[in-house]
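Shown next, in C-alpha cells, is the structure this report addresses.
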Amino acid sequence: MALHDAPAEVWDDVFAQVASVGFTLAELADSHVRPADLSASRRDEFLSIAASHGVSIPSVHVQRQSVIQPGKGEENLAYAHRSIDAAAEWGMSVFSTGLHQPFTQAQKDALWFWTAQGPVDPDDRETWDLAVSRIRELGKHAAEVGLPVSLEMYEDTYLGTADSAVRFVEAVGLDNVGLNPDVANLIRLHRPVEDWRELYRKTLPYANYWHVKNYTRDEAKDGSWATSVPSTMEAGLINYREVVREAISVGFNGIILCEQYGGDSLGVCGTNQTYIRTLLPQG
C-alpha cells in the first residue's frame, strides 16, 4: 500500500522513525504523500501524527511531474497549482519542484537509476519558452500565497547545468523563484560532469532551498569511464565544509534537506544532519 493511502498507524511508525534519528522537520515528497490529493480530514490526521512526534512539514517536493512532459504538461501544471494551494493550506513555507520526468524503463531496471539514460529536455526555443512561462505562472501563484518556488537541478533538463539553470531562473524573473542546487544529482552520473566547485559557485547565489547528499566518484581523465556510489556527506566527492561556508557567505538562509539512496537511508540522513550542524554558525 502506498504511504499516501496508508492507515494512521503506518504514518505513526514513519514519524516515530524520523524523530528517532533526530529530525524535527521533514519534507513531504509527493512520491510518498500528495498534499493536493489528500482530504482535509486525512491532512489533519497526518499533521497531528507528525506533531505528536515533534515533526513539522515545512515543504512539499513535487517530483517527476514536469510542466513540459510530452502529453502531460498541462495536467502536471494543473497539479502543481493544486499542490501550491495545498502547501499554503498545510502551513508550509516552500514549494519545491523541477523539470525531471518519470523514469525510463532502463532506469527502472538499473540497480542505480542514474546509471541509465533518462528523458532529455529538447534543445529548442519553443519548449524552453514554454517551460519558463509555466514556471513563471507557478511562481506568481506561489507569491500570492506567500511561498517561494525552488527548482531542483537535474541532469538533461533545462536545470541540468550551472549555466542553463541560472539562465532559466533569470528568464523566469521572479524574486520568489530560485534554485535548489542539488549538485550531487550531477556528480553521480557515469559520464563527464562539471566540477562541483564551479556548479556551486555559479548557482548558490540563486539558491533558496537545498537538497544535500554525496557520492564517492572515480573517473578516467580522458572521460572514457566514470563510476559513483552513495556515501555520507562527509566522505564523498563534494567537500560540504567548503560549500556550506560558501553558501553562507553569499547569503543562503534556506532549509537544508538531507537525501540518501540505498541501505539505511534514514540512518545516513541522521548522520548527515549531525555533520551539517558542525558546519553551521553556532549561536
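By my numbering, the letter at position 27 of the sequence shown is numbered 28, and the numbering carries on one by one without gaps.
Think of the CB as a built atom: it goes at the ideal place given N, C-alpha and C, for glycine as much as any other residue.
As the structure is a prediction and not an experimental result, all values here were calculated from the model.
- The alpha-carbon separation between His-62 and His-101 amounts to approximately 12 Å.
- Exposure of Glu-76 is indicated by the presence of fewer than 16 other C-beta atoms within 10 angstroms of its C-beta.
- Counting only runs of 4 or more residues that sit fully inside the region 167-221, the alpha helix (DSSP H) segments are 185-188 and 197-204, in chain order.
- DSSP lists no beta-bridge partner residue for Thr-128.
- Note on Arg-192: under 16 other CB atoms within 10 angstroms of its CB, so exposed under the neighbour-count rule.
- Across the structure, Leu-48 and Trp-211 are spaced so that their CA atoms are roughly 23 Å apart.
- Comparing C-alpha distances from Arg-278 to each of Arg-242, Gly-179 and Val-133 shows the shortest one belongs to Arg-242.
- Glu-153 is bridged by DSSP to Asn-181.
- Contact between Tyr-159 and Phe-169 holds, since their C-beta atoms are separated by about 5 Å, short of 8 Å.
- Note that the region 242-258 touches the region 192-209; at least 3 beta-carbon pairs, one per stretch, sit closer than 8 Å.
- With a contact defined as Cβ atoms closer than 8 Å, Val-22 and Gly-263 miss out at about 16 Å.
- In the DSSP assignment, Thr-158 falls outside any beta strand (DSSP E), carrying neither H nor E.
- In the DSSP assignment, Ser-21 falls within the unbroken alpha helix (DSSP H) covering 9-21.
- Apart from sequence neighbours up to five positions away, the residues of its chain that approach Pro-206 with a beta-carbon distance below 7 Å are Val-251, ordered along the chain.
- Residues Thr-105 and Ala-107 of the same chain have their beta carbon placed closer than 7 Å to that of Gln-118, with the five preceding and five following residues left out of the count.
- Spanning the alpha carbons of Thr-217 and Ser-151 requires a straight line of approximately 26 Å.
- Burial state of Trp-226 is exposed, judged by a 10 Å Cβ sphere holding fewer than 16 other Cβ atoms.
- Look at the beta carbons and you see the region 133-149 touching the region 67-81: at least three pairs across the two are nearer than 8 Å.
- For the 7 Å CB-CB criterion, Pro-149 and Val-213 do not form a contact.
- Residue range 257-259 is occupied by the beta strand (DSSP E) that includes Ile-257.
- Taking 8 Å as the upper bound for CB-CB distance, Pro-182 and Ala-144 are not in contact here, some 21 Å apart.
- Contact annotation: Val-194 and Asp-157 have beta-carbon atoms that are not nearer than 7 Å.
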